[in-house]
Each structure stands twice: as structure tokens, then as C-alpha cells.
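Protein chains in written order, with UniProt numbering: chain X, 1 to 330; chain D, 1 to 330.
Number of protein chains: 2
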Amino acid sequence: MRMLINAPETVVADALRGMAAAHPELNVDVENRVIVRRDAPVAGQVGLVSGGGSGHEPLHGGFVGPGMLSAACPGEVFTSPVPDQMLRAATAVDGGAGVLFIVKNYTGDVLNFDMAAELAEDEGIRLAKVLVNDDVAVIDSLFTAGRRGTGATLFVEKIAGAAAEAGAPLDRVEAIARQVNENSRSFGVALSSVTTPAKGTPTFDLPSGELELGIGIHGEPGRERRSTMTSREIADFAVDAVLEDRPPTGPVLVLVNGMGATPLLELYGFNAEVQRVLTQRGVTVARTLVGNYVTSLDMAGCSVTICQADEELLRWWDAPVQTPGLRWGR
Amino acid sequence: MRMLINAPETVVADALRGMAAAHPELNVDVENRVIVRRDAPVAGQVGLVSGGGSGHEPLHGGFVGPGMLSAACPGEVFTSPVPDQMLRAATAVDGGAGVLFIVKNYTGDVLNFDMAAELAEDEGIRLAKVLVNDDVAVIDSLFTAGRRGTGATLFVEKIAGAAAEAGAPLDRVEAIARQVNENSRSFGVALSSVTTPAKGTPTFDLPSGELELGIGIHGEPGRERRSTMTSREIADFAVDAVLEDRPPTGPVLVLVNGMGATPLLELYGFNAEVQRVLTQRGVTVARTLVGNYVTSLDMAGCSVTICQADEELLRWWDAPVQTPGLRWGR
Chain X
1 MRMLINAPET VVADALRGMA AAHPELNVDV ENRVIVRRDA PVAGQVGLVS GGGSGHEPLH
61 GGFVGPGMLS AACPGEVFTS PVPDQMLRAA TAVDGGAGVL FIVKNYTGDV LNFDMAAELA
121 EDEGIRLAKV LVNDDVAVID SLFTAGRRGT GATLFVEKIA GAAAEAGAPL DRVEAIARQV
181 NENSRSFGVA LSSVTTPAKG TPTFDLPSGE LELGIGIHGE PGRERRSTMT SREIADFAVD
241 AVLEDRPPTG PVLVLVNGMG ATPLLELYGF NAEVQRVLTQ RGVTVARTLV GNYVTSLDMA
301 GCSVTICQAD EELLRWWDAP VQTPGLRWGR
Chain D
1 MRMLINAPET VVADALRGMA AAHPELNVDV ENRVIVRRDA PVAGQVGLVS GGGSGHEPLH
61 GGFVGPGMLS AACPGEVFTS PVPDQMLRAA TAVDGGAGVL FIVKNYTGDV LNFDMAAELA
121 EDEGIRLAKV LVNDDVAVID SLFTAGRRGT GATLFVEKIA GAAAEAGAPL DRVEAIARQV
181 NENSRSFGVA LSSVTTPAKG TPTFDLPSGE LELGIGIHGE PGRERRSTMT SREIADFAVD
241 AVLEDRPPTG PVLVLVNGMG ATPLLELYGF NAEVQRVLTQ RGVTVARTLV GNYVTSLDMA
301 GCSVTICQAD EELLRWWDAP VQTPGLRWGR
């Protein structure tokens, strides 16, 4: 165990205290585990709420701020937050235009967001939900019926967040979020296992030098094991898996994402190979983002997410965003 | 070995190709290994050039852009760039107001930047140099006579970069850079060793659960080994080492930096403890930055950098910056 923690049971609360100290522009409720943009609720603006287990940072708490999420609810590590958190978040961000829940497709998250949606509606909040399920690696998995939600979550939160910031009504923000998810596909690769604070030893066994192709962001099994592959070979495999599932018919956004412990130097090198495959397959890349955004604690590895984006989606992607984890424009 | 690479000898070139693809706003010369902001040279504006061995990303290439570095020269992994790269960078960014070299204190970097400065002056470029040597852990080390340059490099590049962007003359930009370095102190802790692509096995041996207190960003030895410490204990040790060396007499900037493989969740938790110690010691924190900024490939661990900042330095810190690794404002 090589963790920078006090104790497994205080990891999430400690992190929230540290976020509160570093980000006075956010309203971090440590006790109730809700992170809200400080100016919420914004009158007449659709509120965007997401959340999920901790351990994927900056997702979701690091994506709260103008132009992206209105609030996030962090659960325990790799464990869904509870409906009370989501209800509290919805109440905090509802400016009268309704609230959109962005839910990654894991059984616990789906159930809890469903329950919170009912509670919120009972309190008179107009509510819509979008499920993110972009991971093409496997159908059904540990914790998931259907496809897992992974890297596309960043695209959904950024693009729907920009539309909400611009004043789009709830049904439009929901439709955009749904479109982004439908246009997105991901594939992830692990070069190491992941160790949760509670367990203290690796979640699964991956001998040094081997890879798990199609890994989930909680270490869920993928499609197959291979012995050492080059960055070039991994890019061929991952990009083709994504393109075969949904061949793009127009320009795409690309996320080359690190799982947490893979150096940025390697991620940029991997991006060079991803771009090579896309060019070879005739895909036009409109924008590329490289970095550790949808992580799995200390896992080494990467994922590729590709989202077909028309001019409107690109405009929302380019729109200003001011969050701890993603920030550009004014 | 769990690396996402093609081959050790192509790691840096591959990464530069990937940076070029992801960042059309930069001018990435892969062959000559120089990263330059696209609008360089900016007439009448002091050019800021830094560089060093690769493996510390986003430092330095990820800090090129308006408001920070004008250019960066990446060497091989943990190896100084050569004078030709630095001369090329200086020539590319000299807008007639001169060029400042920002040099981390490692013997190879110092020698090569010295040589490049002479070459640049021979070509009629007005040149100044600032040495960064903020690491209080040890005096003299592997690769270093005197103190190592670590986290303060980010503060120097950001703050001097803002002054240069605002049109400050060379002697003023140099004085500000020097002041930031003099006001800054750092201390780093390793929770794991680091593996370079060329070697393929850990640079030093650190049994699981043990820590190296006072680690360098290339895995150079620190002050001592300890068995497992909590985040709270590490914060006490690191912050006190920094404060004892230079007790602040005014508000400070804080960088809670990850070495590369430590999850953001843990870094934020560590920040909570850093802020607690600072409060207990009566230090006023003006701004805090948390994340992986001055890294050591796949090393797990963290460092704390504290920089006393008066109103002018804070104003430069808050000024807009537009780089891949650090970005805020317009």
C-alpha cells in the first residue's frame, strides 16, 4: 500500500475538505457530500447534476462550475452516492428551469438517481435524466447491466453544460446530452490493477507487462488479456473497437484519457498513435483533449473516447468553462 | 514494466507528435525539440524560455502559451536538453526585448543553458538567466550542486510570464523571477520509486509501505526513510521543513503537487492537512493549486511548495494564462 491518506474511512471527507480549501469558487458541503457552484441556483438556467463513486477525479466534482456541472455528489470510493445527496444537489441548483441528472450506467447509480428523481419531482422540481453508456468493451459487467459509462461522461457534462449555461430549456439540454452520449464510444486499457483504500491490495491480478483490453473504470474485466503491446498496437486495437461499433460520418471530438498513474508523457505519445489510426481510417478530428480526466485511482492505463460532433456540438464544446478540472475561454 | 510506449528511444519524439496534434495553438517542432507559442516572437515582449529533462510533464512544454512560457526545450527523459535547442528557442521568441532563461538547478541544465546564453548573446539577443533552487530537502544531490529546482519552477514561470505578457522590461521580469524563487521553498515525498523507459525497472528500491522524505523529482535520495505515515504526519513533516527554512512574513501561494501516480482524491485529502498545518503555524494562504504539475513519471508521492507573495506577485499569479497545463482568465 502506497497511499497518501489518513484512513480508508476518511478518504472522501478529507478530499472534500481539501477541495473546499483550494476552490473558494465552489460551495463544498463536506458533511452532506455535495459540491455546488457558488452562484447556484441561477435563475432561469437548467441545473446539471451528476455524481458517482469517488476515485475517478477530476470527474465529477472537478467539473462543477460555470459552463459544466451545477453540482456533483461524490459517493464512497467506487460506490454510488445516495439519493439524499442527489436530492440536496437538485434542490440547491434548481433555478426554476428544471434539473438534468447525468447518470453513468452502473446499477447502483441508476437506482439511486431514479429514487432521487422521484423525490425531487415530489418537491416540485422538473427533472430529466440522461444515462451515459459509451463503453463498447463488453455488454454487461460487474456493477452494470448493459454498457458502462466512462469517458463520454466528460463530453456530455461539458456540452450539455454549455447549452444550459446559454439558457437552453430543459428538453433541449436533455436532448443534447442524449445526442452526445449516442454519438460517443469508448474503449479502455489497463496496464496495472487498481487498489482501493478500503481493500489496500490490488482489486484484480495483472502480472507486470500484461494488459487488460477493455477494462472498466473500477477494474471490471474487459475483453481479453495480452502480453506486452506497444502504444501503436494498443491504439490500433482501441480505436478500431470504437470505430467498428459506430463508424463516424463526420468530424469527431477525441478524448485520450489517462486512468490515473500513466505519465502525461506517455499519454501524449499514445495520442500520436490514436491520431495516426484515425487518419488512416479517414476520420476527421475536430478537437483533441489529452489528460487524466476519468480516472480509476492509481490504475496505469488509458482510454479513448470518440464523439461525433456537428457544428452545434462543437460550438458548445468550445464555449467557456470554469471548473477545477476543465477550464478555458472567459 | 507497465508503460504505454513504442520504444524507450522514441518516447520524447512520440510525445511531441502527440502534443502537436492536440495543441494546434502551439508550434511544436518535433525534429528540433522545441515547443513555441504560435504567435512568437511577440514584438516588444520579453521571451521566456525554459526546459529540462522530459518526464516532469506538464512542466515545461505544457506551460507554453500566452501568460507563461514563450518556449520550452524538452530533453530526453531526465536528461538536459542541449544548447542548440535553447538557442533555437531564444531565436524564435526574441521580439527585441530580450529573453529570460528559467533554469532548474541541475548541473547539466545549468551548463547547457550557460552555453546557449553565450551563443544567443553572440547572435545579438539580450539575455538574462534565473536559477530555480527551491528544494529544502538536501544540500547537494545526485545531478545537483546546491539545492534542486522543483515546484517553484511553476510559480516562477507563471508569475514572470504574466509580467512579460504585460510588457515588463527584461530587468524587471528577471527581478520578479528571482524574487519568486527566493520567496519559494519545497519539500517532496515519494511513496514509490520511479521507472524510466530506458531502464525499465525502478530507479531506486522503496519497499511497499515505506516513504522517502525529501525525494527529488528524478528519484534522488532525500533526508530519510520512514515506514508508513499518514497524510497528516506527512503534511506536518513537509510543511514544517519548508517553514523552518524560510518562515513567511506575509500571505503565501501553495502548490500541493502530485508526483504523477498519486490520485487526485488523495492529493486533495493531503491539501486539507497542508492547510491545517499552515493555519496552526499562523500562515495566511492567499491561493492554492492542487494537481500533478511537476511530476516524476510514474512516481507516487507529492510535494509542497510555498511562495510568499505580496500584492504584486499575487496580481501576476491571478493574471490570465492560456497553456495546456495551466489555464485561467481570458
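Quick reminder that beta carbons are idealized off the backbone N, C-alpha and C, glycines included.
Please read these numbers as outputs of a predicted model, since none were measured by experiment.
Of all residues in the stretch 226-243 of chain X, the ones placed with a Cβ closer than 8 angstroms to any Cβ belonging to chain D are 228, 230, 231, 232 and 234, in chain order. Within the DSSP secondary-structure output, residue 135 of chain X pairs in a beta bridge with X/186. With a cut-off of 8 angstroms on Cβ pairs, the stretch 109-123 of chain X is not in contact with the stretch 195-209 of chain X, counting fewer than three such pairs.
The DSSP-derived three-state label of residue 29 of chain X is strand. In the three-state reduction of the DSSP assignment, residue 299 of chain D falls in the strand class.
Here DSSP, grouped into helix, strand and coil, assigns residue 52 of chain X to strand. Measuring C-alpha to C-alpha distances from residue 306 of chain X to each of X/312, X/244, X/327 and X/25 identifies X/244 as the nearest.
DSSP places residue 313 of chain D in the uninterrupted alpha helix (DSSP H) bounded by 311-318. A distance below 8 angstroms separates the beta carbons of residue 47 of chain X and residue 90 of chain X.
With a threshold of 8 angstroms between beta carbons, residue 17 of chain X makes contact with chain D.
Rounded to the nearest whole angstrom, the C-alpha separation of residue 177 of chain X and residue 94 of chain D is 46 angstroms.
Per DSSP, the continuous beta strand (DSSP E) segment holding residue 74 of chain X begins and ends at 71-77.
Taking 8 angstroms as the cut-off, the Cβ atoms of residue 27 of chain X and residue 17 of chain X do not count as close.
DSSP places residue 18 of chain D inside the alpha helix (DSSP H), whose first and last residues are 11-22. Around the C-beta of residue 303 of chain D, 16 or more other C-beta atoms lie within 10 Å, and the residue is accordingly described as buried. Residue 57 of chain D and residue 265 of chain X have their alpha carbons spaced roughly 6 angstroms apart. Taking the Cα positions, residue 310 of chain D is about 25 angstroms away from residue 70 of chain D. Under the criterion of beta carbons closer than 8 angstroms, residue 85 of chain D and residue 6 of chain D do not qualify as touching, at roughly 22 angstroms. It is roughly 23 angstroms from the alpha-carbon of residue 36 of chain X to the alpha-carbon of residue 297 of chain X. Of the residues X/14, X/321, X/78 and X/325, the one whose Cα lies closest to the Cα of residue 195 of chain X is X/78. Against chain D, the CB of residue 100 of chain X has no partner CB under 8 angstroms away; the residue lies outside that interface. If you check each beta-carbon in the stretch 129-155 of chain D against every beta-carbon of chain X, none falls closer than 8 angstroms. In this structure, residue 262 of chain D and residue 301 of chain D form a Cβ contact; the two beta carbons are roughly 6 angstroms apart against a cut-off of 8 angstroms. Excluding the 5 residues flanking it on each side, residue 101 of chain D has same chain C-beta neighbours closer than 8 angstroms at 49, 50, 86, 90, 113, 116, 117, 127, 128, 129 and 130, in chain order. Along the stretch 230-287 of chain X, the alpha helix (DSSP H) occurs as fully enclosed runs of 4 or more residues at 231-245 and 264-280, listed in sequence order. Under the three-state reduction of DSSP, residue 159 of chain D is assigned to helix. According to the DSSP assignment, residue 103 of chain D belongs to the beta strand (DSSP E) that extends over 99-104.
Under DSSP, residue 322 of chain X shares a beta bridge with X/327. For residue 327 of chain D, the nearest CB of chain X lies under 8 angstroms from its own CB, placing it at the interface with that chain. If you check each beta-carbon in the stretch 46-62 of chain D against every beta-carbon of chain X, the ones closer than 8 angstroms belong to 54, 55, 57, 58 and 62. Contact fails between the stretch 267-283 of chain D and the stretch 156-167 of chain D, because fewer than three Cβ pairs, one in each stretch, are under 8 angstroms apart. Assigned with DSSP and collapsed to three states, residue 108 of chain D falls in helix.
Take residue 246 of chain X, set aside five residues on each side of it, and the residues of its chain with a beta-carbon closer than 7 angstroms to its own are 185, in chain order.
Residue 75 of chain X is classed as buried because its beta carbon has at least 16 other beta carbons within 10 Å across all chains shown. Straight across, the Cα-Cα distance linking residue 125 of chain X with residue 92 of chain X is about 11 angstroms. Taking a Cβ-Cβ cut-off of 8 angstroms, the neighbours of residue 266 of chain X in chain D comprise 3, 4, 5, 11 and 15, given in sequence order.
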